[in-house]
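Let me begin by presenting the structure, written as structure tokens, before commenting on it.
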Amino acid sequence: MSEGTQGHPASTIDETAEQHTVGSEHGSHHEVARLAARDAARALVVGEGEPVPPQEAEQPEEIALDAPELLFSRELSWMDFDDRVLQLAERSRTPLLERVKFLGIWASNLDEFFMVRVAALHDQVAAGIREPGADGRKPDEVIDGVRTRVLDQMTRAYSQLHNVLLPQLAEHNVRIVPLGSLEQEAHNRVIERFRRQVLPVLTPLAVGVGRPFPYISGLSLSLAALVEDPVTRQRVIARIKVPREMISRLVPVEGEDNTYVWIEEVIGENAHLLFPGMDVLGTGTFRVTRDADFEISDDADDLLQAVETELRHRRFGEVVRVEVNADMLPELRAQLIAGLEVEERQVYDVKGPLDLRNLMQLTKLPGHKDLKDVPWSPLVPRRVRGEDGAAADLFSVIRQGDLVVHHPYESFGATVERFVEQAVDDPDVLAIKQTVYRTSDDTSLIPSLMRAADRGKQVVCLVELKARFDERANIGWAKELEKAGVHVVYGHPGLKTHAKAILVVRREGDGVRRYVHSGTGNYHPQTARLYTDLGLFTCNEEIGADVADMFNVLTGFGRAPKPRRALIAPSGLRDGIIERIDRASKAASKGKQARVRLKMNALVDRRCIRALYRASQAGVQVEVNVRGVCCLRPGVPGVSDNIRVVSVLGRFLEHSRIFSFEIEGEDPDVLMGSADLMPRNLDNRVELVVPLIDPAARAVVLDVLDRSLADEEGAWELQEDASWKPVLANGTGRSVQRELMDTASDW
């Protein structure tokens, strides 16, 4: 998400290169179309030598569908997404501690955005790229545009914190107070705890002759101190790292219920203890954000070793952003910025505590139920409940008809984890194969695979080592699985295996039957309680054969055969989606009613966007529900006036991907899977999208899509000018998440 030697995954590089190649051609394509339209108009005549009437000659120029003005900037669209998260923190109808949570999420999102996307922009600038991208903006212009939006959001975020959230929390006896405001006795207790627990581990690092500027790790919180020798009047700056291991960022004040002070204030007040005999002229907090992406060569002989090496290099990524206290002494600030060697536009002055992610500590306070969302416990789907209260035989349930589960409304443990556990315990199960992109320490899936290998079953686990920010965890899981006898495959260096699939091969009669789980989300029990994701259980022979082929290609050596039913990236997913969009366009051009409805996390791919523009021009009604980035521009007359784009945010993170193509007189063609319509997903990842063949299963997914597109409370609608307008600014209305919680018991 920088200058220097750190690279980025092939997905980022290829996508960036494609943007600049196409962007450089936009002017010529548009000019050719304009001149052709002009020449055609000049050539038109009515009768012999008679000029064309003005109303016929002055036809509007046709807009080329790859024109820059038809695409929004990916980075600025992402900033709009985080703005919507911030708006949830600003909404009075959101419970108070949930608003605090959303403020922390806004800050966390921004960190990752700078580490990956903004770093990539700085890489382009460092590489000398000056040509505009597909949206017509040069990298420098995007960086400046990002800064403008970040500064605006920071102003709102800290205004919300200081003027609304903290005063309202105080009304409910939860207080974050300045250290100097404490009564003397309470103040002394805080200082005594600091001297006992924190002071012994602090290490001041001075900068001066023979002492180069210290390395500052990414996202670590630090204090800068300006120190003067009272005898020589020599001044130096020093860095003090704020320890996170010994004490929490928000230090509880003993004897004062739910009262906290920031640890950096305590360190700053006592900084003189670290510089005996010196005068501390001032301190200030700062934080550095570094480029956290990396690239693995396609020629890497040992992928595990290559990823481990890059992880060691990540901490030395180039600086992308520096946050400093707004009241830091100018002399201290200037020396700090000089030492970090960054441009002024990379520096952000913060009027309040840095790193608002730590506010999440307050959301874990016991009690205060009135300040939080009503707790939700996922339900066990009716079809997997046994008559006597015991769990039903999942294989029997799947043979009776495809099963769709929807998390977090329905239990991940009672469905996905139970599916693998039953496969392990079933003596007729011969093989289990699974992909792992992200998972958690408390999952039962990894131990279940280990048990299966111990029982002599063929077990394959494809662990994606390059899952960003989960690389170390996945390396650990891979090593544990290998020790247990599981066949572990790391995928291809140039691709990420992002598909979510479990394949169970079971002996039945004189043959075998394949059972498949294909999902839109990771096999992660914790996020399954926070993200909305769909999973399909099926024993359809064609889907089973497609998933088996996918695993064989990934673990073996060969070219992927043409799938029977599924769409699999990088070989044919984009083409499959575009073919379906174009088919709807042809039907509409023949007078049939046609509709395309899509739900995903991001819509960036230009070929897919152009296909949607063609569909709109043909009269297809297009509805898009996109949680985050959307580069498509709706509402352009003659191009996208039949396209509506909405975004839904709420207590759960909308994560499912649904693709529905509906033509009059035909059954809807509905698919779901792991991919968003982004170049990185379609070109540089292994993705799996499967059709909903069973009518009952298809109806469940279409119901989710219907409700998502009808949401009012948590929805924003994208305007033609790139702004997002809340569907319902105040009050209550339809909420897809509330409706699905209310109806979950009926599924």
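For what it's worth, this note's numbering labels the leading residue of the sequence shown as 795, then goes sequentially.
Quick reminder that beta carbons are idealized off the backbone N, C-alpha and C, glycines included.
- Rounded to the nearest angstrom, the gap between the Cα atoms of A1363 and S1450 is 17 angstroms.
- The DSSP-derived three-state label of N982 is helix.
- Secondary structure of D1143 (DSSP, three-state): strand.
- Collapsing the DSSP output to three states places D1327 in a strand.
- Collapsing the DSSP output to three states places A1128 in a helix.
- Taking a C-beta distance under 8 angstroms as the contact criterion, R969 and N1052 qualify as a contact pair.
- One alpha carbon belongs to V1047, the other to L1159, and they sit about 15 angstroms apart.
- Under the three-state reduction of DSSP output, L1465 falls in the strand class.
- Q954 sits buried, since 16 or more C-beta atoms from the chains shown fall within 10 Å of its C-beta.
- In this structure L865 touches C1425 by the C-beta definition: roughly 5 angstroms separates them, less than 8 angstroms.
- Here N1334 is buried. Its C-beta has 16 or more other C-beta atoms within 10 Å.
- Secondary structure note for I1437: its beta strand (DSSP E) is the uninterrupted segment I1437 to V1442.
- Spatial neighbours of I937 in its own chain (CB-CB distance under 8 angstroms, excluding positions within 5 residues in sequence) are listed in chain order as V912, L915, H916, V919 and R1139.
- By a beta-carbon distance limit of 8 angstroms, P889 contacts D1167. Their separation comes to about 6 angstroms.
- If you ignore the 5 residues before and after A1225, its C-beta comes within less than 8 angstroms of the C-beta of K1251, Q1252, V1253, V1254, L1297, V1298 and V1299, all in its own chain and listed in chain order.
- Around S1410, the same chain offers V1416, V1433, S1434, D1435, N1436 and I1437 as residues with beta carbons nearer than 8 angstroms, after the five sequence neighbours per side are excluded.
- Within 10 angstroms of the beta-carbon of Y1231 lie 16 or more other beta-carbons, which makes it buried.
- V1282: member of the beta strand (DSSP E) spanning H1281 to V1283, first to last residue.
- From the listed residues V1074, S1365 and L1465, the smallest Cα separation to L1126 is found for V1074.
- Close CB contacts of G1076 within its chain, under the 7 angstroms cut and outside five residues either way in sequence, are with L1020, L1123 and L1126 (chain order).
- Judged by DSSP in its simplified three-state form, A1295 adopts strand.
- Going by beta carbons, S1312 and A1339 fall outside the 8 angstroms limit.
- When DSSP states are grouped into helix, strand and coil, G1076 belongs to the strand group.
- Contact annotation: R1151 and L1289 have beta-carbon atoms that are not nearer than 8 angstroms.
- Per the coordinates, the alpha-carbon of L1243 lies some 18 angstroms from the alpha-carbon of R1301.
- Between E892 and A1247, the alpha-carbon positions lie close to 43 angstroms from each other.
- Between the alpha carbons of E986 and V1036 lies a distance of about 17 angstroms.
- Per the C-alpha coordinates, the member of W1056, L1328 and A1378 positioned closest to E1448 is L1328.
- Sequence-distant Cβ neighbours of D1343 in its own chain, meaning closer than 6 angstroms and more than five residues away, are P1355.
- When secondary structure is reduced to three states using DSSP, T1083 falls in the strand class.
- Ranked by Cα distance from L1522, the first of Q881, E869 and F875 is Q881.
- When the five nearest sequence neighbours on each side are left out, the beta carbons in the same chain lying within less than 7 angstroms of the beta carbon of M1154 are those of K895 and G898, in order along the chain.
- Around Y1407, the same chain offers L859, V1433 and S1434 as residues with beta carbons nearer than 6 angstroms, after the five sequence neighbours per side are excluded.
- Linking L1156 to V984 through their CA atoms gives a straight-line distance of about 19 angstroms.
- DSSP links I1031 through a beta bridge to V1001 and L1020.
- Across the structure, G1180 and L1188 are spaced so that their CA atoms are roughly 10 angstroms apart.
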